[in-house]
Amino acid sequence: MELFLSTYVNKVDRKGRVSVPATFRSTLATHRETNLVVLFPSFRVPALDGTGSNYVEEMNERLETLEQFSDEHENLSQLFAEAHPLTMDGEGRIVLPEPLKEHAQITSDVAFVGLGAMFQIWEPGRYAEHRATVRDRSRRQGTTLPPRSGPARRPE
Numbered sequence: 612m613e614l615f616l617s618t619y620v621n622k623v624d625r626k627g628r629v630s631v632p633a634t635f636r637s638t639l640a641t642h643r644e645t646n647l648v649v650l651f652p653s654f655r656v657p658a659l660d661g662t663g664s665n666y667v668e669e670m671n672e673r674l675e676t677l678e679q680f681s682d683e684h685e686n687l688s689q690l691f692a693e694a695h696p697l698t699m700d701g702e703g704r705i706v707l708p709e710p711l712k713e714h715a716q717i718t719s720d721v722a723f724v725g726l727g728a729m730f731q732i733w734e735p736g737r738y739a740e741h742r743a744t745v746r747d748r749s750r751r752q753g754t755t756l757p758p759r760s761g762p763a764r765r766p767e
């Protein structure tokens with residue numbers, strides 16, 4: 612699977628269009644629906660969560676492992692209710708819907724933030740604050756990657 616990496620800041624034009632970074636477009640091109648961007652309001656932060664069609668399908672498969680009428684299923688299925696499937700135009704732009712712009716308080720610029728299988732779209736100033744908070748928390752907590760599964764690898 613191709614990953615969404617790095618951070619890019621792009622302008623939102625007066626029609627509400629923004630160019631998806633070229634590296635993100637090439638990652639999306641590996642998905643079943645190559646020109647589709649799926650955005651939804653983040654549950655945790657004032658940003659938009661985004662991905663392509665393959666990962667949305669995987670999210671649905673994982674959701675279907677939960678008890679259908681459970682609170683957890685209902686909570687997580689809200690992601691799909693609030694999702695906006697957006698098709699990129701020939702120049703790689705999407706139009707950000709007003710409810711999403713309001714959630715993330717986006718006006719003139721956006722930061723596309725790669726998170727691996729997903730990405731986020733932030734108002735750049737808010738992202739700078741969030742990034743500093745996460746880095747500080749990571750240092751305090753001594754955050755590290757979990758060990759690889761399977762047999763341990765010896766250093767070379």
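Basically my numbering = 1-based index in the sequence shown + 611.
The beta carbon of each residue, even a glycine, is placed where N, CA and C say it ideally should be.
In this text the structure is predicted, and so the values were computed from the model without any measurement.
Are residue i and residue j close, meaning C-beta to C-beta below 8 Å?
i	j	result
Arg636	Met699	yes
Leu614	Ala728	yes
Ile732	Leu647	no
Phe730	His695	no
Val706	Lys626	yes
Pro757	Gln716	no
Per DSSP, what are the beta-bridge partners of residue i in this structure?
i	result
Leu647	Thr698
Tyr619	Phe723
Asp624	Partner(s): none; Asp624 has no beta bridge.
Phe730	Gly661, Gly725
Ser630	Arg704
Pro757	DSSP output for Pro757 lists no bridge partner at all.
Pro735	In DSSP, Pro735 forms no bridge with anything.
To the nearest angstrom, report how far apart residue i and residue j are at their CA atoms.
i	j	result
Gly701	Gly663	17 Å
Leu770	Glu713	What the structure shows of the chain is the stretch from 612 to 767, and residue 770 is not part of that stretch, so it cannot be assessed.
Thr645	Glu683	31 Å
Arg704	Pro632	9 Å
Leu674	Leu687	7 Å
Thr754	Ala743	15 Å
Val623	Arg643	27 Å
Arg751	Glu685	34 Å
Pro710	Gly661	15 Å
Go through its chain and collect everything with a Cβ distance to residue i's Cβ below 6 Å, but skip five positions before and after it.
i	result
Val620	Asp720, Ala722, Pro735
Val667	Val649
Leu639	Gly663
Arg628	Arg704, Val706
Thr641	Glu613
CB-CB under 8 Å to residue i, same chain, minus the five flanking residues each way: which ones, in chain order?
i	result
Thr618	Ala722, Phe723, Val724, Gly725, Tyr738
Asn671	Phe691
Phe680	none
His741	Val656, Ala658, Trp733
Segments assigned alpha helix (DSSP H), at least 4 residues, entirely inside the stretch 695 to 721
709 to 715
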